[in-house]
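The block underneath contains the structure these notes are about, expressed in C-alpha cells.
2 protein chains.
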Amino acid sequence: MRDFSSDHRWLSLNTATVRKQGDLTAIIEACARHGIRAIDPWRDQVATIGLERAVRAVRDAGLELSGYCRGGMFTSDAARRTEVRDDNRRAIDEARALGAPCVVLVAGGLPQYSRPGSAASKDIAQARAQVDDAIADMLEYARAVGMPLAIEPLHPAYAADRACVNTTKQALDTCDRLDPQRTGALGVALDVYHIWWDPELMPQIARAGKDRLLAFHVCDWLVPTKDILNDRGMMGDGVIDIKSVRSALEAQGFSGYSEIEIFSNDWWEKPMDEVMRICIERHRTMV
Amino acid sequence: MRDFSSDHRWLSLNTATVRKQGDLTAIIEACARHGIRAIDPWRDQVATIGLERAVRAVRDAGLELSGYCRGGMFTSDAARRTEVRDDNRRAIDEARALGAPCVVLVAGGLPQYSRPGSAASKDIAQARAQVDDAIADMLEYARAVGMPLAIEPLHPAYAADRACVNTTKQALDTCDRLDPQRTGALGVALDVYHIWWDPELMPQIARAGKDRLLAFHVCDWLVPTKDILNDRGMMGDGVIDIKSVRSALEAQGFSGYSEIEIFSNDWWEKPMDEVMRICIERHRTMV
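From first to last, the protein sequence lines are chains X and R.
This note's numbering puts the first residue of the first sequence at 1, with every later residue one more than the last.
This note's numbering puts the first residue of the second sequence at 1001, with every later residue one more than the last.
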C-alpha cells in the first residue's frame, strides 16, 4: 500500500466538501494554497461560474481531475427519457472539456425522486432495470468520445431517493453485462461511506480488479449519524477502517487519487482553509 | 397470498409501536379492545411490569405471541462475554414463560455500541465472527429448551451501532453454518424496513424456505427519513412494496403473523387507540 504519511500527492478534493464556503474559483485558489493537486468538481459548481471559466481555472492551476460529479439519475417516466439522455450526454461533454478521467454515475432511485414530476412507483426492480438500460445507452455515447463511466453504488439508505444501485456486486454485475470485455469504458467509483458495511466488500473489490476500479472516495461514518444525507464524517472521526479498504483496492493495482468527499452540515460551517488543512492531516494519518 | 382485506386475524402488534403511550398492561388491554390477537413484547416492557404479571396478562387476554424482542447484542470485549451469554439465556427463559414462538436476535454492531464500555473497534469482520460464535453458543441452550432463534438482519444504516448482520443472505449463511439440517431451531426474522432495498431479497427468501422464515415485520420507509432510528413509517406512507415481500414469503409457505413494528417519534405522540385503529386499517389495505 502506498505511504500517504509524508505528503498529500494522492489527495483529491471533491468540491462538494467545501461547496458552502465558496464557488469553484475560490475552491481552486484554496487548493493551490494547500498544495492540493486534484479535484472532482460538481456540475452545478461548474455551471455557476461557467464551463469555459472552469476549464481555464483548472488548467491555470495545473490541477488534475479525479472524476466529474455526476451523471445518472436515470430513472424517470417515459416523458422524461430524452431529457435524461441529453442531460447525461452533456455531463460527458463537460467532463471531456475539463479533462476528467471519468464521469461518476449516481443511478437515481425511484423515478419520482430521481426526476421529480415522474409518476410515483414502488417498483425498485423496475427502476434497476431502467438504470441498466440507460447506462447501456449512455455508454455508447461515452465510448464514442472515450470517456469512462464509473457507477457509484450508494448506501442502501439512499435506495429510494438517490440510487437503486446499492452494492458493489450490483454495480459490477452491470459492468459485466454491458462491458464484458473489460475495455476500461465502464467501472465503479467506490466510496467507503457507501460500502464499508458490506459483508461481500472484499471479494467484490477483488472481482472488480484494476480495470473496473475507476475512483476511490473517502470520508467516515459517524455514530450517531444525525442526518442521513449531510452528516458524513471527516476521516478518523467515525467507524470505517479506511486503510483496509484502500489496501484492498491497491492490492488490485489501483494507483489513483484518494478523493475526499464529505457532505456535512458541520464541516460546511468551518472556514475553507481549516477544512482543507484538516483534510490533509487526516489523509496522511487515517487514509 | 392470504387475503387480509376483510379482517386482521393475522395482525400482530410489536409493542414498541406504542411504547411511549402506555405500559405493557395498557397495551394488552388496548389490543383486546381492538381485536388484536397477537403481540411481540420487548424485554424492557416486560421487566417494567414484571415477568409474572406479563405472563398472566398475556394469558388472561388470550393473546398469542409472534416473537419476543430481543436477544443478541453479541459483540463485546472479552470481559463482557459471560454477561452477554447470561443475558441471552434469560431472554430465552422469559420467551418460554411467555409462550413466544421464537426469540428475535439483533446481533449488535461494533462492541463499543453493542455492549457499552467494551474496547472500541473498527473491525466489522471480527464483530461478525463473534456474532456467529455467540449464536452457536446461545443455540445450544435454545435447542435444549426448544426455543427457536430468529436472526434479524438490520438495515446497513445500523451496521456500526445495532447489528452487523445486514442482509438476508448473511443471516441465512449463519443459519446454514449452525443448523445445516434445518431443524427449525434457527431461522430469520424479516422486517421489510431492513431488507426492502436488497437486490438479492427475492432469491434469498426463496433460499430461506418455510423452515427458516420465523417472523415477518412490517412498517414503511419514508422519504425523507428524518431520523435514522425513530422515523419509520406506517404501512402505505412510504416506498416499500410490502405486498410483494409478503407474497414472496407466503409462496414459501409462511403462514404466520404480519407483525407491525414502527419506531416513530411521530406515531409515539398519537393516542394508542388511534395508532391501533390505523394499524388495522393499513394492515387490511397496504400489507
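Just so it is clear, CB atoms sit at the ideal spot from N, CA and C, and this is done for glycine as well.
Keep in mind it's a predicted model, so treat the numbers as computed, not measured.
Quiz prompt | Val1046(R) versus Thr1015(R), Glu1274(R) and Trp1221(R), residue with shortest Cα-Cα distance | solution = Numbered from its first residue, the second sequence carries residue 1046(R) at position 46. Cα-wise, what sits closest to Val1046(R) is Thr1015(R).
Quiz prompt | Residues of the region 71-85 of chain X whose Cβ lies closer than 7 Å to any Cβ of chain R, in chain order | solution = none
Quiz item: Of all Cβ atoms in chain X, is any one closer than 9 Å to the Cβ of Ala1134(R)?
Solution: Within the second sequence, numbered from 1, the residue matching residue 1134(R) stands at position 134. Cβ-Cβ to chain X under 9 Å: no for Ala1134(R).
Quiz item: Buried or exposed: which applies to Pro1116(R), given that a residue is buried once 16 or more other Cβ atoms fall within 10 Å of its Cβ?
Solution: Position 116 of the second sequence, counting from 1, holds the residue named residue 1116(R). Pro1116(R) should be labelled exposed.
Quiz prompt | Start and end residues, alpha helix (DSSP H) containing Glu1200(R) | solution = Working through the second sequence from its first residue, we reach residue 1200(R) at position 200. No alpha helix (DSSP H) contains Glu1200(R), which DSSP labels as neither H nor E.
Quiz item: Are the C-beta of Tyr1113(R) and some C-beta of chain X separated by less than 9 Å?
Solution: The residue labelled residue 1113(R) in the question sits at position 113 within the second sequence. So yes, Tyr1113(R) belongs to the interface.
Quiz item: Going by the beta-carbon positions, is the gap between Leu1011(R) and Ile1036(R) smaller than 9 Å?
Solution: As a first step, residue 1011(R) is located in the second sequence; it is residue number 11 there, counting from the start. As a first step, residue 1036(R) is located in the second sequence; it is residue number 36 there, counting from the start. The answer is yes: Cβ separation under 9 Å.
Exercise. Please compile the residues from chain X whose C-beta is within a distance smaller than 8 Å of the C-beta of Gln1170(R).
Key: Within the second sequence, the letter at position 170 stands for residue 1170(R). Chain X residues near Gln1170(R): Pro199.
Exercise. Kindly indicate which three-state DSSP category Arg232(X) falls into: helix, strand or coil?
Key: Counted from its first residue, the first sequence places residue 232(X) at position 232. Note: Arg232(X) maps to coil in three-state DSSP.
Exercise. Look at the alpha carbon of Val1084(R) and the alpha carbon of Ser1076(R), and state the distance between them as a whole number of angstroms.
Key: Reading the second sequence from its first residue, position 84 is the one you call residue 1084(R). Reading the second sequence from its first residue, position 76 is the one you call residue 1076(R). For Val1084(R) and Ser1076(R), the distance between alpha carbons rounds to 8 Å.
Quiz item: Since His155(X) meets chain R, which of its residues come closer than 8 Å, beta carbon to beta carbon?
Solution: Start at 1 with the first residue of the first sequence, and residue 155(X) comes out as number 155. Here the neighbours are Pro1156 and Ala1157.
Exercise. Compute the distance between the beta-carbons of Trp1197(R) and Cys164(X), then report whether it is under 9 Å.
Key: As a working note, residue 1197(R) is residue 197 in the second sequence. As a working note, residue 164(X) is residue 164 in the first sequence. For Trp1197(R) and Cys164(X), yes; Cβs fall inside 9 Å.
Exercise. State yes or no: is the beta carbon of Cys219(X) nearer than 9 Å to at least one beta carbon in chain R?
Key: The residue you call residue 219(X) lines up with position 219 of the first sequence. It does not; no Cβ of chain R falls within 9 Å.
Quiz item: Counting only beta-carbon atoms, is Cys175(X) nearer than 9 Å to chain R?
Solution: The residue you call residue 175(X) lines up with position 175 of the first sequence. It does not; no Cβ of chain R falls within 9 Å.
Practice problem: Give a yes or no on whether 9 Å exceeds the smallest Cβ distance from Gly1062(R) to chain X. | Solution: For the purposes of this step, residue 1062(R) is taken as residue 62 along the second sequence, with counting starting at 1. Chain X contact via Cβ: absent.
Quiz item: Along chain R, in chain order, which residues have C-beta atoms closer than 8 Å to that of Arg128(X)?
Solution: The residue labelled residue 128(X) in the question sits at position 128 within the first sequence. Residues of chain R passing the Cβ test: Pro1199.
Quiz prompt | Coarse secondary structure for Leu1149(R), derived from DSSP in three states | solution = Numbered from 1 along the second sequence, position 149 holds the residue referred to as residue 1149(R). Here Leu1149(R) sits in strand by DSSP.
Quiz item: Of all the CB atoms in chain R, is at least one closer than 9 Å to the CB of Asn288(X)?
Solution: Summary: the structure shown does not reach residue 288(X), with chain X confined to residues 1 through 287, and so no result is reported for it.
Quiz item: Measuring CA to CA, which of Gly22(X), Ala30(X) and Asp23(X) is closest to Ser279(X)?
Solution: In the first sequence, counting from the first residue as 1, residue 279(X) sits at position 279. Rather than Ser, the amino acid found at residue 279(X) in this sequence is Cys. For the residues Gly22(X), Ala30(X) and Asp23(X), the minimum Cα distance to Cys279(X) belongs to Ala30(X).
Quiz item: How would you list, in chain order, the residues of chain R whose beta-carbon sits under 7 Å from the beta-carbon of Ala160(X)?
Solution: As a first step, residue 160(X) is located in the first sequence; it is residue number 160 there, counting from the start. What Ala160(X) touches in chain R: Trp1221, Val1223 and Val1239.
Quiz prompt | CB-CB length for Asp1241(R) against Asp1220(R), believed under 8 Å | solution = Translated into positions along the second sequence, residue 1241(R) becomes position 241. Translated into positions along the second sequence, residue 1220(R) becomes position 220. Their Cβ separation, rounded to whole angstroms, is 10 Å, which puts Asp1241(R) and Asp1220(R) out of contact at 8 Å.
Exercise. Taking only the alpha-carbon atoms, compute the straight-line gap between Ser244(X) and Gly108(X) and give it to the nearest angstrom.
Key: One-based indexing of the first sequence puts residue 244(X) at position 244. One-based indexing of the first sequence puts residue 108(X) at position 108. Using only the alpha carbons, I get a separation of about 29 Å.
Self-check item: Cβ-based burial, Pro1156(R) [other Cβ within 10 Å; buried from 16]
Solution: For this step, residue 1156(R) is matched to residue 156 along the second sequence. Buried, by the Cβ-count rule.
Quiz item: Between Glu269(X), Leu222(X) and Ala150(X), which lies nearest to Lys210(X) when the distance is taken from Cα to Cα?
Solution: Position 210 of the first sequence, counting from 1, holds the residue named residue 210(X). Per the Cα distances, Ala150(X).
Practice problem: Below 8 Å on the Cβ atoms is my guess for Ile228(X) versus Leu13(X); work out the distance and round it to an integer in Å. | Solution: Reading the first sequence from its first residue, position 228 is the one you call residue 228(X). Reading the first sequence from its first residue, position 13 is the one you call residue 13(X). Actually they are not in contact, since the Cβ atoms of Ile228(X) and Leu13(X) sit about 23 Å apart, beyond 8 Å.
Self-check item: Residues near Leu1201(R) in its chain [Cβ-Cβ closer than 7 Å; skip 5 each side]
Solution: Residue 1201(R) sits at position 201 when you count from the first residue of the second sequence. Result list for Leu1201(R): Thr1168 and Ile1195, in chain order.
Quiz item: Comparing the C-beta of Ile228(X) with each C-beta of chain R, is any distance below 9 Å?
Solution: Here residue 228(X) is taken as the residue at index 228 of the first sequence, counted from 1. Interface residue, yes.
Exercise. Would you list the residues sitting across from Asp40(X) in a DSSP beta bridge?
Key: By one-based count along the first sequence, residue 40(X) stands at place 40. According to DSSP, Asp40(X) bridges with Asn14(X).
Quiz item: Which value, in whole angstroms, describes the spacing of the CA atoms of Met235(X) and Tyr193(X)?
Solution: What you label residue 235(X) is simply residue 235 of the first sequence in a count that begins at 1. What you label residue 193(X) is simply residue 193 of the first sequence in a count that begins at 1. Taking the straight line from one Cα to the other gives about 10 Å.
Quiz item: Going by alpha carbons, who is nearest to Ser1255(R) out of Val1058(R), Glu1281(R), Ala1215(R) and Pro1041(R)?
Solution: If you number the second sequence from 1, residue 1255(R) lands on position 255. Selected option, being the one with the closest Cα: Ala1215(R).
Exercise. Determine the direct distance from the alpha carbon of Tyr1068(R) to that of Val1018(R), and round the result to whole angstroms.
Key: To locate residue 1018(R), count along the second sequence from 1; it is residue 18. To locate residue 1068(R), count along the second sequence from 1; it is residue 68. C-alpha separation (whole angstroms): 16 Å.
Quiz item: Under the rule that 16 or more other beta-carbon atoms within 10 Å means buried, what is Met1(X), buried or exposed?
Solution: For the purposes of this step, residue 1(X) is identified with residue 1 of the first sequence, where counting begins at 1. Label assigned to Met1(X): exposed.
Quiz item: What are the start and end residues of the beta strand (DSSP E) that includes Cys219(X)?
Solution: On the first sequence, position 219 is the one that residue 219(X) refers to. Counting along the chain, Cys219(X) falls outside any beta strand (DSSP E), and DSSP gives it neither H nor E.
Practice problem: Determine which residues share a DSSP beta bridge with Asp1273(R) and list them. | Solution: Reading the second sequence from its first residue, position 273 is the one you call residue 1273(R). Bridge partners of Asp1273(R): none, in fact.
Self-check item: Beta-carbon neighbours of Ile1092(R), restricted to chain X and to distances below 9 Å
Solution: As a working note, residue 1092(R) is residue 92 in the second sequence. Residues of chain X passing the Cβ test: none, with the nearest at roughly 27 Å.
Self-check item: Nearest-angstrom Cα separation, counted from Ser258(X) out to Glu1274(R)
Solution: Here residue 1274(R) refers to the residue found at position 274 when the second sequence is read from its first residue. Here residue 258(X) refers to the residue found at position 258 when the first sequence is read from its first residue. Their Cα atoms are separated by approximately 52 Å.
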